[in-house]
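Working notes, structure below.
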Ligand code: KG4
Ligand code: ZN
């Protein structure tokens with residue numbers, strides 16, 4: 004059973020071919036980072052135009068790398084939402100046309116649910132149930148995952164997503180875009196205790212997060228210096244990052260203890276963060292829990308996770324001649 008996955012919800016155009024839900028035959032990701040860099044963030048109109056340019060060549064490359072022909076595809080899975088409307092439409096329209104032409108079934112999958120699935124692509128030992136931290140430029144949430152399609156959101160950010168906070172802090176320090184990887188790298192050279200930034204909602208009773216106050220605290224701290232050149236950038240990055248980590252680690256610890264499970268996972272672009280990996284490994288060691296996380300390419304948006312989840316959702320697939328042509332993008336699709 005070979006599933007073709009298509010992802011275009013934000014600024015990555017991706018096509019993957021995955022066998023039996025976890026054997027990745029190819030996973031081509033065309034990133035638009037350089038196209039959006041000069042604007043300091045994703046420009047939706049530009050993103051959809053780039054998806055339109057990229058989707059066909061990325062599809063052809065995916066087939067070539069997997070050494071497959073279009074007819075070898077058994078099922079097509081596409082990100083239906085949530086995401087940018089114009090971007091989702093490109094992937095969904097391409098998937099519908101392909102399903103119709105190749106006479107293959109089509110299934111729409113939820114983008115965040117596919118992030119929850121992503122650690123399975125590289126870890127055959129991962130078993131349900133587990134607590135998952137999904138952290139990206141657009142999402143920050145904790146889930147109790149009991150099975151495919153059986154999950155409950157335990158908490159979420161009430162304002163900025165973690166990746167967004169990283170990107171904004173990098174912008175204040177004029178470090179470049181996207182800011183996450185740059186702040187992560189500079190933090191290694193700084194002192195995490197140099198500046199005492201707030202740990203919002205650290206002791207709140209719920210499992211929600213808030214990062215906008217931290218972002219503002221960084222801004223006020225930077226303003227204390229006569230110019231940006233005088234700011235101890237590495238110390239600011241390290242102290243900001245440690246404030247983020249303290250909250251993320253405390254909340255995942257609380258969620259896991261409350262849910263009485265012994266496995267944790269993480270996913271999304273911020274799951275590439277080197278300090279987050281160290282801190283969650285330490286937590287898992289202390290508590291005797293198992294910790295699984297995807298490699299960087301599987302953390303950021305990619306179609307392998309779409310195809311992988313699509314395999315498990317094959318029962319919901321529609322035949323092309325009947326209803327698959329009605330499959331529509333769902334930009335605001337809420338997760339359970
Ligand atoms: O999942 P993703 O590729 O796209 C979505 O937002 O959906 O995540 C991108 C986000 C950006 O905000 C980026 O700055 C952040 O992930 N990011 C990181 C790191 N690598 C990427 N944040 C912190 N540390 C990193 N190493
Ligand atoms: Zn994502």
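Residue numbers (my numbering): 4 to 339.
Glycine included, each C-beta is placed from N, C-alpha and C at the ideal position.
- Of the residues assessed, residue 10 falls on the buried side of the cut-off, its CB having 16 or more other CB atoms within 10 angstroms.
- If only complete runs of 3 or more residues are kept, the segment 111 to 172 shows the beta strand (DSSP E) at 133 to 138, 143 to 150, 153 to 159, in order along the chain.
- Apart from the 5 residues on each side of it in sequence, residue 64 sits with its Cβ closer than 7 Å to the Cβ of 31 in its chain, given in chain order.
- Around the beta carbon of residue 314, a 10 Å sphere encloses 16 or more other beta carbons of the protein chains shown; the residue is thus reported as buried.
- A direct Cα-Cα distance of roughly 14 Å separates residue 267 from residue 138.
- Shown in chain order are the residues whose CB sits closer than 5 Å to a heavy atom of ligand 2: 139, 304.
- Between the segment 219 to 228 and the segment 101 to 119, the count of Cβ pairs shorter than 8 Å is below three; the stretches do not touch.
- Taking 9 Å as the cut-off, the beta carbon of residue 197 is found closer than this to the beta carbon of residue 241.
- Nearest Cα to residue 243 within the set 136, 301, 187, 144: 187.
- In the structure shown, residue 313 adopts helical secondary structure according to DSSP, grouped into three states.
- Straight-line spacing of the CA atoms in residue 130 and residue 148 works out to 10 Å.
- Taking a contact as a CB-CB distance under 8 Å, the pair residue 110 and residue 78 counts as one, their CB atoms being some 7 Å apart.
- Counted as a single uninterrupted DSSP element, the beta strand (DSSP E) harbouring residue 27 occupies residues 26 to 34.
- With a cut-off of 8 Å, the C-beta of residue 242 is classified as distant from ligand 1, since no heavy atom of the ligand falls inside that distance.
- In this structure, residue 303 sits near residue 34, with a CB-CB distance shorter than 9 Å.
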